[in-house]
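Numbering (this note's numbering), first residue to last: 8 to 414.
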């Protein structure tokens, strides 16, 4: 019996280039299998996944509870139209409202961008159009979400973009207060900026944003797509006492990424009166709230709770920040829980990513000098320690010289 050889990474990459649009550039490798916080490529090389699909794979890869939930639901009821409801959809909405700790209503989507598109449309129902967002923000690539994203390189090819959007420096309370007025529909803020390199504002910033918004009758909209669902050690980053010095109750919260552990899902949560701004027909979705995605999300929430993974994220995240920060070639470390950012003394983040991959670890270059780490919340102590042990050698191979670096 003749067996067909498994294609190599090189062969897969060539096929990729011939079949897919060139929106991401050449892939760094072609992954074929995952288990826990480990993945393998088509050539059989093993890596510790310290990116987790960019903060998505909360339970890592092939978690048995997630696999079982998806399998059981798909065998029971896979998809229905929005003329009908399903038990997983309703139960998940109730769970999210409970975790938010406020009277709220939920609209399910397929992604973070769509959750932000939903929220954007919701703000228009206030009768106002102005959105005050922040520099360094990232809210998605669809046209509405892109209008809220500050990076010029992303925006310029597609302008004019929808919306009446003003950008102010992130973390600058005075600039925010100066920009918000009676025409403002919403103030849009990430509790921690992820794509900018894990930028953490002062502890008083989110409470100040709430006060400023509400003083002018505007909504406070928090984009928790990357920071939500336990990533920072709390269900939502705005609930984390390490990040805020006073309670915050946003009018809109958007979540996605880690919510279903790799199954596409997003959600827009609107509290109090904001949750009643949409009327029937104002918005819709084909796949949002799909029973399989909702069942997956319920499994993720169950495991995070039962295995106390929020506390684990806090502890192991602190260990990672402390460990990478001991090297003098790291200027600063930031973050909360298992959303870790660091700034290098030289703009060699791309070289560090390549060196880390060569050493068997997957990390991300957020900017030329900033590295982002967002591993599965099930990351083991052994994997964390292996990375920290390899870290000085990774920096060596990336060409960061210790000569002249002040300890």
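Using N, Cα and C, we set each Cβ at its ideal position, and we do this for glycine too.
Within 8 Å, strictly: CB atoms of residue i and residue j
i	j	result
residue 84	residue 271	no
residue 150	residue 129	no
residue 141	residue 174	yes
residue 212	residue 180	yes
residue 351	residue 331	no
residue 265	residue 65	yes
residue 5	residue 348	This structure cannot speak to residue 5, because the chain is shown only from 8 to 414.
residue 356	residue 333	no
residue 253	residue 208	no
residue 37	residue 20	yes
residue 367	residue 55	yes
residue 57	residue 394	yes
residue 76	residue 42	no
residue 277	residue 111	yes
residue 44	residue 390	yes
residue 95	residue 80	yes
residue 72	residue 308	no
Distance between residue j and residue i (C-alpha atoms, nearest Å)
i	j	result
residue 382	residue 35	18 Å
residue 182	residue 376	26 Å
residue 339	residue 204	11 Å
residue 139	residue 171	9 Å
residue 218	residue 184	9 Å
residue 127	residue 227	12 Å
residue 234	residue 249	13 Å
residue 292	residue 117	9 Å
residue 176	residue 196	11 Å
residue 257	residue 328	29 Å
residue 285	residue 400	54 Å
residue 131	residue 273	20 Å
residue 313	residue 384	13 Å
residue 251	residue 341	15 Å
residue 222	residue 147	28 Å
residue 288	residue 89	11 Å
residue 397	residue 13	31 Å
residue 262	residue 206	18 Å
residue 420	residue 237	As shown, the chain starts at 8 and ends at 414. That puts residue 420 outside it, with no answer to give.
residue 343	residue 114	27 Å
residue 30	residue 365	24 Å
N- and C-terminal bounds of the alpha helix (DSSP H) containing residue i
i	result
residue 323	316 to 332
residue 127	119 to 131
residue 304	298 to 313
residue 26	16 to 26
residue 153	150 to 154
Cβ distance (whole Å) where residue i is taken to contact residue j below 8 Å
i	j	result
residue 198	residue 231	6 Å
residue 99	residue 304	5 Å
residue 225	residue 192	6 Å
Residue range of the beta strand (DSSP E) that includes residue i
i	result
residue 338	337 to 343
residue 38	38 to 42
residue 141	137 to 141
residue 111	111 to 116
Which ranges would you report for the alpha helix (DSSP H) in the region 349 to 392 if only whole runs of at least 4 residues count? Runs of the alpha helix (DSSP H) inside the region 349 to 392: 356 to 365.
May I have a chain-ordered list of the beta strand (DSSP E) segments no shorter than 3 residues that lie completely inside the region 209 to 288? Here the runs fully enclosed are 226 to 230, 259 to 262 and 273 to 278.
Complete runs of the beta strand (DSSP E) confined to the region 156 to 205 [at least 3 residues]: Positions of the beta strand (DSSP E) runs, each at least 3 residues long and wholly inside the region 156 to 205, are given as 171 to 175 and 191 to 196 in order along the chain.
In chain order, what are the residue ranges of uninterrupted alpha helix (DSSP H) at least 4 long that sit wholly in the region 37 to 94? Annotation: the region 37 to 94 contains the following complete segments of the alpha helix (DSSP H) (minimum length 4 residues), in chain order: 59 to 62 and 71 to 83.
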